[in-house]
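*Asks:* Sending over a structure as structure tokens; questions will come in a sec.
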Amino acid sequence: MATPQPTASLRPTPPKRASTVKPILPPPPSTIHPTAVIASHAVLSGTHPITIGAHCIIHPYARIVSAEGPVELQEGVVVWEHGIIEGRGEGVRIGRGVIVESGARIEGEVGEGSLVGQGSIIGVGSVVGKHCKLAPRTILEPQTRIPDFTVVYGANNARRVDTTVRDKAETMTAREKGQQRQMDALRKLVPGNTAKWMT
Amino acid sequence: MSPDLESITDTGNKISRRAQITGTANITLGGKTVIQSDVVLRGDLHRLPQRKEDGTMERTPTAISIGRYTVISSGCVLRPPGRNSGGTWRYYGMKVGDNVFVGPNTILSSASISSHVHIGASCTLGDFSIINSNVKILPGTVVPALMVVPPGVVLGGQPARVVGELGEGWGGGGNGVGGGEEAWTEGGELRELVRAIR
Amino acid sequence: MAQQFPYTYYACCINASSSASLVQKRSSHTTTADEEDEDRTFDPRSPRANYSLYPLEHLLYCDDCQQIRCPRCYTEEIVAWYCPSCLFDVPNTQVRTEGNRCQRNCYNCPICTSPLQVNPLEHSSHLAPESSNGASYFLGCPYCNWSSLDIGVEFAKHTGITAQLAKLKTARQSQAKKEREERAENTDSNDNNALNERPTRDDLFSNLKSFYKDALSSANPVNPLSFDPTLYNSPPSVTRLMNLYAPPSVKRAKAAKPTPMREAHSTSEGLLPLSPVDEDMSIARMAQAGWDSLSSTAQRSQQQHPTTKFVQDLWPAQTRLLTRRAKRCATCRHILTKPDSKISSTRYRIRILALDKVPRLSIRALSALHTPHPSFPISVSSTAATAPRFEYENLRPGVMVQFLLTLHNPLFEPIRVTLGTPAVTPGKLASRVTVLCPQFEVGANTDVWDEALNSSTTLSSKGKMQPGDGPVQAEAGKVWERGRNWTSVVVEIVPGFPGGAPTGIVPRTAEEEEELDEEDTVVEVPVFVRFEYEYEHPDAAVFEKMREEEGARVKEVPEMGRQTREVAFWTVLGVGRVAGR
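Chains V, Z and X, in that order, give the protein sequences. Numbers 1 to 199, taken from full-length UniProt numbering, label the letters of the first sequence in order. Numbers 1 to 198, taken from full-length UniProt numbering, label the letters of the second sequence in order. Numbers 1 to 581, taken from full-length UniProt numbering, label the letters of the third sequence in order.
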């Protein structure tokens with residue numbers, strides 16, 4: 001296999017770094033939308049299918065593992081560095097526009113527009129609703145259900161309904177617009193190496 | 001000394017070969033600073049260079065700058081903060097001072113962390129948070145985005161709040177070297193710790 | 001306790017049950033006072049010990065009393081007030097008039113206490129055609145996503161939030177009042193009167209305040225509780241002052257019982273009568289909105305009106321100010337620390353730390369040459385990571401463990417140290433303790449360069465022994481190792497048997513196990529530290545300077561100039577925890 005080279009980058013990364021995460025195992029069977037950006041140091045591994053939707057951004061050192069089940073990332077999902085998405089059982093689906101922050105670990109389903117905070121853990125079989133926010137370092141036990149528009153915060157996993165976003169359309173649109181701008185910026189900054197994972 | 005784990009730069013920085021650094025050109029290290037394994041430094045998330053009046057592009061601004069005798073433990077993530085400004089998303093520089101200790105698996109997106117700050121393990125410092133000098137952050141603390149932490153306090157909890165004040169002797173007591181005892185203390189000079197790490 | 005082993009705490013104020021004994025102890029700080037201390041072994045298990053043990057960094061030192069000073073024996077004076085969020089120095093006068101809250105734009109989230117941020121609200125043109133410029137602002141929490149929109153508060157400008165909020169609040173209160181009046185007109189109940197007169201919280205407060213002010217001045221014209229300075233100009237107050245300084249017998253005869261004051265009993269006096277209608281309404285609201293709509297105790301305590309029942313009614317809380325304080329010795333009134341009043345500066349004008357005045361004790365297991373510092377949970381070197389760690393949490397009862405106690409001397413004079421420990425530690429877990437070398441010297445904290453220059457001669461490791469692989473043979477009466485300003489000695493500790501079964505062979509029953517508190521398995525060793533050193537008397541310094549100018553050698557200082565100073569204190573060493581089984 002040829003050494004993967006970063007396809008589009010503003011600044012060439014040193015070649016020794018590009019070669020450090022050369023996959024040893026064959027890449028998983030994956031369907032990747034051509035507009036998705038998968039950074040050269042991101043890792044996709046496993047044997048079950050991985051689906052990555054349009055405009056997704058997988059940051060360097062993020063991992064998507066399908067060893068125990070398929071993974072589906074819908075349109076516009078962002079997975080930050082050290083974020084891990086692990087397929088389990090029937091499969092793990094991450095909804096449209098979900099942001100998986102640094103160091104978060106997801107083994108359950110996350111609904112559209114939700115934000116999974118830094119270092120949070122979503123246990124196996126959990127279902128997080130739409131437009132939720134898990135504050136940083138939230139730990140959801142396996143099989144937890146979080147209804148739509150819920151904010152989970154604090155050391156004791158307190159919950160509240162995000163009435164601002166639920167009831168005020170303008171806050172929702174402002175948030176989506178902001179997210180869109182961030183993704184536009186990221187697409188310019190993060191060197192993608194999507195071709196490496198195309199099968 | 002295991003040469004396969006650390007590389008020492010000209011200015012005495014000790015950087016693990018297993019550190020995960022992107023955008024190396026946009027990162028400045030003050031010297032005698034330690035970056036342990038699996039530390040992510042997102043130097044690639046920088047402000048896009050602007051076109052100057054004479055038509056040439058300006059130099060890419062520094063994304064992350066770290067001072068002297070600062071220790072970033074393994075598994076940490078340093079990501080410059082970003083926000084919407086004037087219709088576009090922009091990243092801003094992140095500044096870490098001297099003699100700062102950052103515990104393992106902590107995620108930093110602060111705008112600035114001053115000197116003599118001790119950050120425990122598994123903390124999260126939100127975007128644009130500002131940590132003034134002489135602050136102790138207990139392990140597992142979540143500092144909300146944009147929070148300003150005054151000097152001389154102990155911070156803890158989720159979300160972070162001021163839970164106490166530091167004693168007047170904070171950072172002191174590390175002056176005596178020897179006896180097989182470690183010569184560094186929380187908030188004190190970390191020179192000896194940096195020297196000991198290999 | 002989450003403290004990680006090993007640790008050292010310093011005791012202060014162990015005998016100070018009252019300020020009187022405090023003064024007495026300080027004034028006769030010689031052998032007599034110290035002997036009293038020695039008579040009774042300090043028990044780290046006693047309930048009171050918690051209030052007298054501190055880490056060394058938190059302790060100050062009074063040069064005049066020659067004693068360690070802890071929060072119980074120093075007083076504090078506020079140097080400056082500042083807002084922790086905007087780091088603005090609030091002048092004292094403003095604090096006095098407007099209270100200890102930031103009057104600028106700093107607010108905390110009423111739900112989760114995070115600092116709130118002012119965010120622009122982008123009205124889409126079709127959604128809010130009535131807004132003139134299209135932009136308005138709201139306070140939002142970056143952590144729990146609460147926003148002022150939840151309580152229907154929007155701002156026209158992004159500055160002057162406090163003024164805008166106050167305006168909104170009064171508007172709301174008047175509206176609520178109007179609604180209530182309307183409702184009262186509609187319902188034909190007996191509470192009509194009460195409802196009509198129902199004032200706002202702020203009105204109630206000012207009513208109550210004026211009521212108490214009147215009551216105090218009329219019922220008891222010379223009330224000492226009154227802060228009004230004009231009272232001291234009146235003749236009755238003069239007589240009262242005179243009485244204060246009169247002999248006790250006269251005073252007692254004249255002291256009359258204070259006449260009981262009447263309490264407020266109407267709304268005009270600040271009383272809030274219970275209104276059944278309101279109560280019914282809030283009960284109905286609770287039933288409808290459910291548990292999640294109720295505010296928690298923590299949230300209520302943040303509110304200006306701690307009776308706020310519903311999350312919907314929670315108001316953003318102004319950030320509380322913090323203070324910088326100077327500290328004074330409670331006995332001799334000398335200033336111990338005085339910080340710079342400017343918040344931006346972290347320097348101190350005066351700072352006398354115990355850290356610089358008494359030796360620092362640190363303990364670690366002799367076999368573990370590199371124990372990771374509890375505050376620095378990282379592997380320092382690859383060899384240290386693989387080397388077996390000493391398990392402080394897993395001491396075996398009855399098995400002797402050697403610890404290394406190191407004393408660092410911060411003083412510029414060499415000190416002579418005497419250590420004292422009880423043979424058996426107090427408490428349920430009776431561990432035997434032996435300090436192999438209880439008397440030794442610690443070198444002066446001289447310049448580091450001196451050490452480097454003289455290393456070949458003075459530091460020829462007098463008592464140093466090479467640590468072998470097997471159990472180390474430490475010689476009694478000899479120090480283990482010695483450096484420039486530090487000396488370490490070996491302490492042998494035989495951890496006791498939890499539950500006090502000295503045989504240890506008979507397995508304990510479950511009942512006996514249960515009796516043991518978790519704290520009872522901690523091996524804590526009280527150590528009495530006494531050190532003395534010779535120092536230059538201030539007068540002698542002048543004398544010496546004269547001698548120096550004449551070219552005499554420094555060492556020939558006359559005996560009269562040297563004085564011996566002696567300081568003693570208790571410390572507690574936490575060396576580990578005995579394994580449960």
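Each residue gets a CB set at the ideal place from its N, CA and C atoms; glycine is no exception. A quick note: this is a predicted structure, and the numbers were derived from the prediction, not measured.
Using beta carbons (cut-off 8 Å, strictly below), is SER125(X) in contact with chain V?
*Replies:* Numbered from 1 along the third sequence, position 125 holds the residue referred to as residue 125(X). Because SER125(X) sits at a pLDDT of 45, beneath the cut-off of 50, its placement in the model cannot be relied upon, and the following sentence gives the value as read from the coordinates. False, the Cβ-Cβ gap to chain V never drops below 8 Å.
*Asks:* In chain Z, which residues lie less than 7 Å from residue 200(V) when you measure between Cβ atoms?
*Replies:* Outside the modelled stretch of chain V, which goes from 1 to 199, sits residue 200(V), for which no answer is possible.
*Asks:* What in chain Z is Cβ-close to residue 226(V), meaning under 7 Å?
*Replies:* Past the edges of chain V, shown from 1 to 199, lies residue 226(V), and the structure says nothing about it.
*Asks:* Leaving aside the five residues before and after ARG325(X) along the sequence, list all residues of the same chain whose C-beta is less than 8 Å from its C-beta, in chain order.
*Replies:* Indexing the third sequence from 1 puts residue 325(X) at position 325. Around ARG325(X): GLU76, GLU77, ILE78, VAL79 and PRO339.
*Asks:* Using the beta-carbon count (16 or more within 10 Å), is ALA568(X) buried or exposed?
*Replies:* Numbered from 1 along the third sequence, position 568 holds the residue referred to as residue 568(X). Flag for ALA568(X) reads buried.
*Asks:* What did DSSP end up calling MET172(V) once you bin it into helix, strand or coil?
*Replies:* Counted from its first residue, the first sequence places residue 172(V) at position 172. MET172(V) falls in the helix class under three-state DSSP.
*Asks:* Entirely within the region 294-346 of chain X and at least 4 residues each: give me those alpha helix (DSSP H) ranges in chain order.
*Replies:* Complete alpha helix (DSSP H) runs here, min 4: 297-302.
*Asks:* Find the nearest neighbour of LEU190(Z) within the set ILE113(Z), GLY167(Z), ASP10(Z) and VAL71(Z), judged by alpha-carbon distance.
*Replies:* Translated into positions along the second sequence, residue 190(Z) becomes position 190. Comparing Cα positions, the closest option is VAL71(Z).
*Asks:* Can you tell me whether DSSP reads GLU269(X) as helix, strand or coil?
*Replies:* Here residue 269(X) is taken as the residue at index 269 of the third sequence, counted from 1. Here GLU269(X) sits in helix by DSSP.
*Asks:* Look up SER85(Z) in the DSSP assignment and say whether it is helix, strand or coil.
*Replies:* Taking the second sequence and counting its residues from 1, one reaches residue 85(Z) at position 85. In the structure shown, SER85(Z) sits in a strand (DSSP, three-state: E or B).
*Asks:* From CYS132(V) to PRO80(Z), what does the alpha carbon distance come to, in whole angstroms?
*Replies:* Reading the first sequence from its first residue, position 132 is the one you call residue 132(V). Reading the second sequence from its first residue, position 80 is the one you call residue 80(Z). C-alpha separation (whole angstroms): 24 Å.
*Asks:* Going along the chain, which residues of its own chain have a beta-carbon closer than 6 Å to the beta-carbon of VAL117(Z), five neighbours each way excluded?
*Replies:* Against the second sequence, residue 117(Z) aligns to sequence position 117. Once the five neighbours on either side are set aside, the close Cβ partners of VAL117(Z) are VAL100, ILE131 and VAL135.
*Asks:* Starting from the C-beta of CYS332(X), find all residues in its chain whose C-beta is less than 6 Å away, skip the five residues before and the five after it, and write them out in chain order.
*Replies:* In the third sequence, residue 332(X) corresponds to position 332, counting from 1. ASP64 and CYS65.
*Asks:* Which class does VAL79(V) belong to by DSSP, given the choice of helix, strand or coil?
*Replies:* Here residue 79(V) is taken as the residue at index 79 of the first sequence, counted from 1. Three-state result, VAL79(V): strand.
*Asks:* Do you know whose CA, among LEU146(Z), PHE128(Z), ILE119(Z) and MET147(Z), lies nearest PRO374(X)'s CA?
*Replies:* Taking the first residue of the third sequence as 1, we reach residue 374(X) at position 374. It is ILE119(Z) whose Cα lies nearest to the Cα of PRO374(X).
*Asks:* Spatial neighbours of PRO120(X) within its chain, please: CB distance less than 8 Å, with the 5 preceding and 5 following residues excluded, ordered by chain position.
*Replies:* Within the third sequence, residue 120(X) is the residue found at index 120, counting from 1. Hits under 8 Å: ALA135, SER136, TYR137 and HIS158.
*Asks:* Along the beta strand (DSSP E) that carries VAL572(X), what are the first and last residues, could you check?
*Replies:* Position 572 of the third sequence, counting from 1, holds the residue named residue 572(X). First-last of the beta strand (DSSP E) with VAL572(X): 562-577.
*Asks:* Which residues does DSSP pair with GLY164(Z) in a beta bridge?
*Replies:* Residue numbering aside, residue 164(Z) sits at position 164 when the second sequence is read from its first letter. Its beta-bridge partners are VAL154(Z).
*Asks:* In the DSSP assignment, find the unbroken alpha helix (DSSP H) run with ASN92(X) in it and report its ends.
*Replies:* As a first step, residue 92(X) is located in the third sequence; it is residue number 92 there, counting from the start. Per DSSP, ASN92(X) belongs to the alpha helix (DSSP H) from 92-98.
*Asks:* So, is VAL163(Z) buried or exposed, given that buried needs 16 or more other C-beta atoms within 10 angstroms?
*Replies:* Start at 1 with the first residue of the second sequence, and residue 163(Z) comes out as number 163. With fewer than 16 other Cβ atoms within 10 Å, it is exposed.
*Asks:* Report yes if the C-beta distance between PRO28(V) and THR51(V) is below 8 Å; otherwise report no.
*Replies:* Counted from its first residue, the first sequence places residue 28(V) at position 28. Counted from its first residue, the first sequence places residue 51(V) at position 51. The answer is no: Cβ separation not under 8 Å.
*Asks:* Under the three-state reduction of DSSP, which class applies to PRO50(X): helix, strand or coil?
*Replies:* On the third sequence, residue 50(X) is found 50 positions in, with the first residue counted as 1. Rather than Pro, the amino acid found at residue 50(X) in this sequence is Asn. ASN50(X) falls in the helix class under three-state DSSP.
*Asks:* Who are the near neighbours of GLY12(Z) in its chain, counting only those whose CB is closer than 6 Å to its CB and skipping five residues on each side?
*Replies:* Taking the second sequence and counting its residues from 1, the one referred to as residue 12(Z) is at position 12. GLY31 and LYS32, listed in sequence order.
*Asks:* Restricting to Cα atoms, I'd like to know which of GLU86(V), VAL161(V), HIS82(V) and GLY119(V) is closest to GLY129(V).
*Replies:* The residue you call residue 129(V) lines up with position 129 of the first sequence. Nearest of GLU86(V), VAL161(V), HIS82(V) and GLY119(V) to GLY129(V), Cα basis: VAL161(V).
*Asks:* To the nearest angstrom, how far is the alpha carbon of ASN223(X) from that of ASP214(X)?
*Replies:* What you label residue 223(X) is simply residue 223 of the third sequence in a count that begins at 1. What you label residue 214(X) is simply residue 214 of the third sequence in a count that begins at 1. For ASN223(X), the pLDDT reaches just 49, beneath the cut-off of 50, and the residue's location in the model is therefore unreliable, although a value from the coordinates is still provided. Each residue's Cα considered, the two are about 12 Å apart.
*Asks:* Does the distance from the C-beta atom of GLY108(V) to that of GLY125(V) stay below 8 Å?
*Replies:* Stepping through the first sequence from its first residue, residue 108(V) is reached at position 108. Stepping through the first sequence from its first residue, residue 125(V) is reached at position 125. Yes, Cβ-Cβ distance for GLY108(V) and GLY125(V) is below 8 Å.
*Asks:* If contacts are defined as beta-carbon pairs under 8 Å, then VAL529(X) and LEU429(X) qualify, I think. What distance do you get, rounded to the angstrom?
*Replies:* For the purposes of this step, residue 529(X) is taken as the residue at position 529 of the third sequence. For the purposes of this step, residue 429(X) is taken as the residue at position 429 of the third sequence. Incorrect: roughly 22 Å between the Cβ atoms, too far for contact.
*Asks:* Using CA atoms only, rank isn't needed, just tell me which of MET57(Z), ALA19(Z) and ILE35(Z) is closest to ARG68(Z).
*Replies:* Start at 1 with the first residue of the second sequence, and residue 68(Z) comes out as number 68. Looking at the Cα atoms, ILE35(Z) is the closest of the given residues.
*Asks:* Is it buried or exposed, LYS25(X), if we count other Cβ atoms within 10 angstroms and call 16 or more buried?
*Replies:* The count along the third sequence starts at 1 and reaches residue 25(X) at position 25. Legend: pLDDT at LYS25(X) = 42, less than 50; position of this residue unreliable, no value from coordinates given.
*Asks:* Would DSSP call MET286(X) helix, strand or coil?
*Replies:* Within the third sequence, the letter at position 286 stands for residue 286(X). Three-state result, MET286(X): helix.
*Asks:* Between VAL151(V) and TRP315(X), what straight-line distance do the alpha-carbon atoms span, to the nearest angstrom?
*Replies:* Along the first sequence, one-based indexing puts residue 151(V) at 151. Along the third sequence, one-based indexing puts residue 315(X) at 315. Their Cα atoms are separated by approximately 19 Å.
*Asks:* For a quick check, are the C-beta atoms of THR323(X) and TYR107(X) less than 8 Å apart?
*Replies:* Looking up residue 323(X) in the third sequence gives position 323. Looking up residue 107(X) in the third sequence gives position 107. Not closer than 8 Å, so no.
*Asks:* In chain V, which residues lie with their C-beta within 8 Å of the C-beta of SER122(Z)?
*Replies:* The residue you call residue 122(Z) lines up with position 122 of the second sequence. Going along chain V in sequence order, the residues near SER122(Z) (Cβ under 8 Å) are GLY119 and ARG137.
*Asks:* Three Cβ pairs or more, each shorter than 8 Å: is that satisfied between the region 84-95 of chain X and the region 138-155 of chain Z?
*Replies:* Counting Cβ pairs under 8 Å, three or more are found: they touch.
*Asks:* Check whether chain V comes within 8 Å of GLU313(X), counting only Cβ atoms and requiring the distance to be less than that.
*Replies:* What you label residue 313(X) is simply residue 313 of the third sequence in a count that begins at 1. Strictly speaking, residue 313(X) in this sequence is Asp, with Glu absent from that position. No, ASP313(X) lies away from the interface with chain V (no Cβ there is under 8 Å from its Cβ).
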